[in-house]
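Protein chains in written order, with my numbering: chain A, 486 to 1083; chain B, 2 to 457. Backbone N, C-alpha and C fix where the C-beta goes; we use that ideal spot for every residue, glycine too. Note sheet for the following structure.
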Amino acid sequence: MADDDLAGEIVRVAGPLVVARGLPAPKMYDLVRVGAQGLMGEVIELRAEDASIQVYEETGGLGPGDPVYTTGGALSVELGPGLLESIYDGVQRPLNLLREMEGNFITRGTDMPALSRERDWEFVPVVKEGDEVQPGDLLGTIQETPVIEHRVLLPPGVKPGRVQSIRSGALKITDVVAVVGDGEAATEVTLLQRWPVRRARPFKHKYAPTDPLTTGQRVIDTFFPVAKGGTACIPGPFGSGKTVVQHQIAKWADADVILFVGCGERGNEMTEVLLEFPQLTDPYSGHPLMKRTVLIANTSNMPVAAREASVYTGLTIAEYYRDMGYNVALQADSTSRWAEALREIGARLEEMPGEEGYPAYLGSRLASFYERAGLVSCLGSKECSGSVTVVGSVSPPGGDLSEPVTQATLRVVKVFWGLEDRLAFMRHFPAINWLVSYSMYLAQVSKKWDEIIDPSFKELRTEAMTLLQREAELEEIVRLIGVEALSAGERLTMEGARSIREDFLHQNAFDEIDTYSSLKKQFLLLRCVITFHREAEKALEAGAEIDDVLASPLRERLADAKFIPEDRLEDFDKLDQAAVKAMEDLVPREERGAVSNL
Amino acid sequence: MAIRDYMTVRDIVGPLLLVRQVEGAKYGELVEVEFPDGTVGFGNVLEVSEDRVLIQSFEGTRGLDIGSTRVRFRGRGLELAVSRDMLGRVFDGLGRPIDDGPEIIPDERLDVNGNPINPYARDYPSDFIQTGISAIDGLNPLVRGQKLPIFSGAGLPHSELAAQIARQSSVLGREEEFAVVFAAMGITFEDADFFVQEFRSAASIERSVLFMNLADDPAVERISTPRVALTAAEYLAFELGMHVLVILTDMTYYCEALREVSAARKEVPGRRGYPGYLYTDLATLYERAGRIIGEKGSITQIPILSMPEDDKTHPIPDLTGYITEGQIILSRDLHRKGVYPPIDVLPSLSRLKEKGIGEGRTREDHSNLSNQLFSAYARGKEAKELAVILGEAALTEEDKLFAAFSGEFEDRFIRQGEQENRTIEDTLALGWELLKMLPRGALKRVRQEQIQKYMK
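Here is the structure:
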């Protein structure tokens, strides 16, 4: 590193921005090392011989005259077995090893490989010498964790050719696993690969997503579903439960691999994930959730430039697993903090600001971030598809959705879960407003429901939505002229909507049973709620008293129905029958014959 | 690095000095500014470029001139001398003693900016702190290592509430070393004196460390005050193993000082003229709360901020709420009704409560009971609002009960004396008693078994 030929000299320091002069052949987005401690930085602007650098660590103590070294490469991440179960900072330094080395506080200038060089991996080859391979083709596999088989592929960019040699058995990630191609064109392939974070990894085609990403959250899966390979955003004021929703998705989504990017948020929230995930069992595989999770933690007090990089680090790792044919879900909490990092760096560069001080390129950066999501057909000679689903939370100042980050996000994402603090105050969680939220995947996803759940699911959902819509209108009337003004039928509508809200939409993330509902259970629960309402309507028409209907003890059983465990789903059928019976009993005797004749 | 003197000040703008022909200055370096009358103040380096250095002077710039002002670069950042002897002492906003006591003989000198806690080293806060205040313990419980601000407004009793929390706080079933670090930023002498008297009368002054930057002290100095205080807190918590409660008051004045410097630098402003990096800056303070795996001590923060015009969407409370783990909001309405503490429980929130309460920590019914009280109170308040427009008669029978409940709830559950210290059992029992006013079928957030067991 002391090679002076590769060095420039600092001429200016302003917060996370450093300007260096005389850097040999600097390129945009080159990685550089700043000062005697070798702090990581990235070139973000070039003016004549001056290079502006955003530094990923605190810059206190740096001054003019200190050296800056080029590395000649772009900011890259290490890819290979060992990513799962890890926790990294925004530039992929392993936080667990950092703690072992430096103690409880993060100090500066420490450099550490992201993947262990010591660990042995059991490699099982699937190709033999002489086989023709091209980038994306499977060379062999490694059981990375009990749930994820790590598929070692020929990396993109390598020339197609014949396998010269292939190894098997225990390998370290830096070992050569295969040699591909002849003579000059021969390439040594190691388990360890590198990829620049700002460049999307290649694939063959992109498709429109069709399959639902089941999250176990009723308001999401039934009302506003997101598809595998889709994009969603969760804007909401503080205290409305964005992070809890993000955590719930990370816990219960039926993705193969989860990337959780804590981008400029609270340290304790990452700790919660770290302590909780190894304890929780994945309902799909039966193994601890941590076995399929990679965490990126760049909390709010960690350097702001590394926060900017953290989402790209996460995306690149997500794409790496996608290329193996997995469904990956990436959660970024929160994209507003990422945008603020852009704003801060932009201001230090003295750029002309756009709206609210954000740089003019905010919209295009956000769009290209979400565009890296998708359902793709992967490289390689065999047909294979993988997906990256991106869910970003947005933290609008004052809960005002007209602010630039929310608006730029809404232009590109297909699902909007609007959180509302009024619902949170009433302890209605998840506090997703059912009237403003939307999902543009509903049509595709509900086709899948017909196959995997029940053809009547879509219809039930529509009926529930209509009831909720009616309730909002009736509430206006009640507010103006009081509840007496409502007819018995309208009162029943209000109660039906209340039941949907309280018995179906309300879901307690901290209750052992209620925290996760399978799609099947969601369907059955919604059917119960709607059945009761339909039967009550019938009974009312047939002459039953509204007060009797509302006093029915069955409503209490309905309220408890969400606590029916997944292994006793047949209870829902009994509840359905009980609802029909209870409502029939309320109809005056002389009317009953008439009803059955209908 | 050697200490270097310069007399090459070129510009003086607001609290900022531009010095020329400086060699070897470092970003963040501590600077002594010698006034023409011989007094010496401190400052630090905000920006360096080839031969020009931008300095913010903590003591302001009144009396400085271009010709004879002397600037001395100290070759290090602002540091705080720490030792156990800090307990019981009063310091100024930069950590210099102002109580006529002896100088502190330092065990260590620590950089006031600290370093971020490695998220991997954090331990999740889960020890319930009993504050003796029902509206907090019952509904928005505080846990050790949490940062829970009080959002207040001019004329509301936030100081009384913070003092009561400091006085009464205890962790169930434990006796451990406990300390209070108090940082005053821009508050009046009277407000600060209230806390000093309070600590004296509760005989807790020996376990307190006070940092005072009052309203008439230099505004820019208060940018350093919370950092100095938190450095002391980190030393007490993670070197000496104490449980430290940090009270920072008033964060609004701190942010205004930041804005003042930002404006003088002609930076592109964010909302309401506050700098775009306000979120990051506040986070570097608030995130210094927490617990660490394997360490005995902890830092719990209670920042106080007054919301201009009681507006929660003002950038200071807004950004604070995004960083802290909840907030206690005071309500002017309740205060007018004579309810102390006037805690507006509905928008108040403690994000860490689920881990701090329940079986083995407080009681198994705590979580459900608090959710039930919340939703019943919310419904009651809505019904009351409706009654104001349409008259009582427009309410259903059930809504009338809820409306009555919300009144009783404010009067008996939220209201309590300034010296009244309720145990958590008392608080929970009171909650259940109030729920008796409501029909059992309407209690959907609690389980049937719990109703049978606790509602006697």
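Cβ neighbours of Gly594 (chain A) within its own chain (closer than 6 Å, five residues either side excluded): Gln522, Gly523 and Leu524. For Glu634 (chain A), the closest of A:Tyr1001, A:Arg777, A:Leu834 and A:Gln1062 by C-alpha to C-alpha distance is A:Arg777.
Using a CB distance cut-off of 9 Å, Arg123 (chain B) counts as an interface residue toward chain A. The contact set of Leu580 (chain A) on chain B, defined by CB atoms closer than 7 Å, consists of Asn119, Pro120 and Tyr121 in chain order. Not one beta carbon of chain B lies nearer than 9 Å to the beta carbon of Asn812 (chain A).
Residue pairing by DSSP places Lys1005 (chain A) opposite no residue, since no beta bridge is assigned to it. Sequence-distant Cβ neighbours of Leu639 (chain A) in its own chain, meaning closer than 7 Å and more than five residues away, are Val618, Gln619, Pro620, Gly621, Asp622, Leu624, Val665 and Val674.
Within chain A, the residues placing a beta-carbon under 9 Å from that of Phe375 (chain B) are Phe910, Met911 and Arg912, ordered along the chain. In this structure, the CA atom of Ala203 (chain B) is about 10 Å from the CA atom of Phe196 (chain B).
Counting only unbroken stretches of 4 or more residues, the alpha helix (DSSP H) elements lying wholly within the region 378-424 of chain B are 398-409, in sequence order. Two segments are said to touch when three or more pairs of C-beta atoms, one from each, lie closer than 8 Å; by this definition the region 785-800 of chain A touches the region 565-578 of chain A. By the beta-carbon neighbour count (other beta carbons within 10 angstroms, threshold 16), Glu958 (chain A) is exposed.
Secondary structure at Asn581 (chain A): helix, using DSSP grouped into helix, strand and coil. Put simply, the CB of Leu760 (chain A) is near chain B, with a gap under 9 Å to one of its CB atoms. Using a Cβ distance threshold of 9 Å, Glu48 (chain B) and Val562 (chain A) do not count as a contacting pair. Here DSSP, grouped into helix, strand and coil, assigns His913 (chain A) to coil. Judged by DSSP in its simplified three-state form, Asp1052 (chain A) adopts helix. For Gly701 (chain A), the closest of A:Gly668, A:Lys899, A:Pro768 and A:Glu888 by C-alpha to C-alpha distance is A:Pro768. Between Thr314 (chain B) and Pro720 (chain A), the CB-CB gap reaches or exceeds 9 Å. Straight-line measurement puts the Cα of Gly848 (chain A) at about 9 Å from the Cα of Val897 (chain A).
When A:Pro687, A:Pro631 and A:Glu585 are compared, the shortest CA-CA separation from Gly642 (chain A) is found for A:Pro687. DSSP places Tyr554 (chain A) inside the beta strand (DSSP E), whose first and last residues are Pro552 to Ala559. Across the structure, Asp1070 (chain A) and Thr947 (chain A) are spaced so that their CA atoms are roughly 28 Å apart. In this structure, Val1072 (chain A) lies away from Ala994 (chain A), with their beta-carbon atoms at least 9 Å apart. Looking from the CA of Phe239 (chain B), the closest CA among B:Gly361, B:Asn116, B:Val10 and B:Pro318 belongs to B:Asn116.
DSSP lists no beta-bridge partner residue for Asp366 (chain B). Spatial neighbours of Glu836 (chain A) in its own chain (CB-CB distance under 7 Å, excluding positions within 5 residues in sequence) are listed in chain order as Pro844. Spatial neighbours of Phe1057 (chain A) in its own chain (CB-CB distance under 6 Å, excluding positions within 5 residues in sequence) are listed in chain order as Leu1009 and Cys1013.
Contacts between Glu825 (chain A) and chain B, judged by CB atoms closer than 9 Å, involve Gly271, Gly277, Tyr278, Tyr280 and Thr281 in chain order. Contact with chain B is found for Gly548 (chain A), since one of that chain's Cβ atoms lies less than 9 Å from the residue's Cβ. Counting every other CB atom within 10 Å of its CB across the protein chains shown gives Pro509 (chain A) a total below 16, marking it as exposed.
Linking Glu288 (chain B) to Ile1015 (chain A) through their CA atoms gives a straight-line distance of about 47 Å. Taking a Cβ-Cβ cut-off of 8 Å, the neighbours of Ile591 (chain A) in chain B comprise Asn116, Pro117, Ile118 and Asn119, given in sequence order.
Counting other Cβ atoms within 10 Å of its Cβ, Tyr846 (chain A) stays below 16 and is therefore classed as exposed.
Taking 9 Å as the threshold, the shortest C-beta distance from Val262 (chain B) to chain A does not fall below it.
At a beta-carbon threshold of 7 Å, the residues of chain A lying near Tyr323 (chain B) are Phe723 and Ser880, ordered along the chain.
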